[in-house]
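Trainee:
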Amino acid sequence: MTTRPSDAPWADEPFHLIATPSKRPELTDEKHSYVHVASEMTHVHNVLIRGLNAIIQQAPYVKTHTDPAYNKEDVRDLLLYVSCWVKMVEHHHWTEESFIFPEIERFSGKPGSMDDPRHQHELFHGGLEQLLAYANSTKPQSYSWGGPGGMKEIVDSFSKELMDHLYAEIEVFLTMKDLDSAGLKKTWDKGETIAKKHGSLSRRVQKQLLMLVH
16 MTTRPSDAPW
26 ADEPFHLIAT
36 PSKRPELTDE
46 KHSYVHVASE
56 MTHVHNVLIR
66 GLNAIIQQAP
76 YVKTHTDPAY
86 NKEDVRDLLL
96 YVSCWVKMVE
106 HHHWTEESFI
116 FPEIERFSGK
126 PGSMDDPRHQ
136 HELFHGGLEQ
146 LLAYANSTKP
156 QSYSWGGPGG
166 MKEIVDSFSK
176 ELMDHLYAEI
186 EVFLTMKDLD
196 SAGLKKTWDK
206 GETIAKKHGS
216 LSRRVQKQLL
226 MLVH
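For the working numbering, add 15 to where a residue sits in the sequence shown, where the first one is 1.
(1) How would you call P132, buried or exposed, if buried means at least 16 neighbouring beta carbons within 10 angstroms?
(2) Just verifying my parser: in three-state terms, what is the DSSP assignment at K154?
(3) Please list, in chain order, all residues of the same chain as L181 whose beta carbon is under 6 angstroms from its beta carbon, the five residues on each side excluded.
(4) Does DSSP put K175 in a helix, a strand or coil?
(5) Below 8 angstroms on the Cβ atoms is my contact criterion, and I expect Y158 with T79 to pass it. Report the Cβ-Cβ distance as a whole number of Å.
(6) Which term fits T17, buried or exposed, when burial requires 16 or more other beta carbons within 10 angstroms of its beta carbon?
(7) Just verifying my parser: in three-state terms, what is the DSSP assignment at K125?
(8) Could you check if T110 is buried or exposed, using at least 16 other CB atoms within 10 Å of its CB as the buried criterion?
(9) Within 10 angstroms of the Cβ of G161, are there 16 or more other Cβ atoms? Answer buried if so, exposed if not.
(10) E118: buried (16+ other C-beta within 10 angstroms of its C-beta) or exposed?
(11) Suppose contacts are defined by Cβ-Cβ distances below 8 angstroms. Is L138 in contact with I169 by that definition?
(12) Return the first residue and the last residue of the alpha helix (DSSP H) that G206 is part of.
(13) By Cβ distance, which residues of its chain are closer than 6 angstroms to Q156, with the 5 residues on each side in sequence left out?
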């Protein structure tokens, strides 16, 4: 994932990608692993941001059942895409809460140090669940983007809180310079290993997400 703006400017709107810490001028020569950890998390967050941008940019152009150009398969593809995106976000946050955050708190000796990002998840979880329910239960002929009850209304209900969180969490990792570099890197790698062992997205969702980012 690059933070270079896309050749199609609209692809990075309405939400801008997060600048990768390792590429920031003031951090390019920093060897401490906190930069690596923050950069790895930034890559993940930028995938989530690009995915939401794609929904917001493309969904308004998917024709509804009253349009002569309506195609129910287009609507089904969009709703599957939205469902996969929500599952990706929720899987990421489940991984953080179940493995990454506890490992960091254990290593740092600071219980509760990851409480802020953990609690931020609660601010948009309900909206994500509502969007997932819409994507999974809406029939193609009932889909709408704008207007009361449309998908845009749901996205707007949580997107600001989600974006605020994705940016703020990176800053939390950038405060970890006081921790032992090798120990932090080992802790990060351990958290990733445990997460991969105990939780993964289904093959179908992974395939759809590959299509999403390409």
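C-beta atoms are modelled at their ideal positions from N, C-alpha and C, and glycine is treated no differently.
Here the structure is a predicted model, which means the values were calculated and not measured.
Mentor: If we stick to the structure as given:
(1) For the purposes of this step, residue 132 is taken as residue 117 along the sequence shown, with counting starting at 1. Looking at its Cβ environment, which holds 16 or more other Cβ atoms inside 10 Å, P132 is buried.
(2) Here the question's residue 154 lines up with position 139 in the sequence shown. In the structure shown, K154 sits in coil (DSSP, three-state: anything other than H, G, I, E or B).
(3) Here residue 181 refers to the residue found at position 166 when the sequence shown is read from its first residue. Cβ neighbours of L181 beyond the five flanking positions: H60.
(4) Here residue 175 corresponds to residue number 160 of the sequence shown, with the count starting at 1. Reduced to three states, the DSSP call for K175 is helix.
(5) Position 143 of the sequence shown, counted from the first residue, corresponds to residue 158. Position 64 of the sequence shown, counted from the first residue, corresponds to residue 79. That belief holds up - the Cβ atoms of Y158 and T79 are roughly 6 angstroms apart, short of 8 angstroms.
(6) Taking the sequence shown and counting its residues from 1, the one referred to as residue 17 is at position 2. Its pLDDT being 45, under 50, T17 is placed unreliably in this model, and the value from its coordinates should be taken loosely. By the neighbour-count rule (16 or more Cβ atoms within 10 Å), T17 is not buried but exposed.
(7) One-based indexing of the sequence shown puts residue 125 at position 110. Of the three classes helix, strand and coil, the one that applies to K125 here is coil, per DSSP.
(8) As a first step, residue 110 must be located in the sequence shown, where it is residue number 95. Buried: at least 16 other Cβ atoms inside 10 Å.
(9) Mapped onto the sequence shown, residue 161 falls at position 146. So G161 counts as exposed.
(10) Taking the first residue of the sequence shown as position 1, residue 118 is located at position 103. Buried.
(11) Counted from its first residue, the sequence shown places residue 138 at position 123. Counted from its first residue, the sequence shown places residue 169 at position 154. Their beta carbons are not under 8 angstroms apart, which means L138 does not touch I169 by this criterion.
(12) Working through the sequence shown from its first residue, we reach residue 206 at position 191. Here the alpha helix (DSSP H) through G206 covers 196-213.
(13) Taking the first residue of the sequence shown as 1, we reach residue 156 at position 141. The answer, listed in chain order, is H80.
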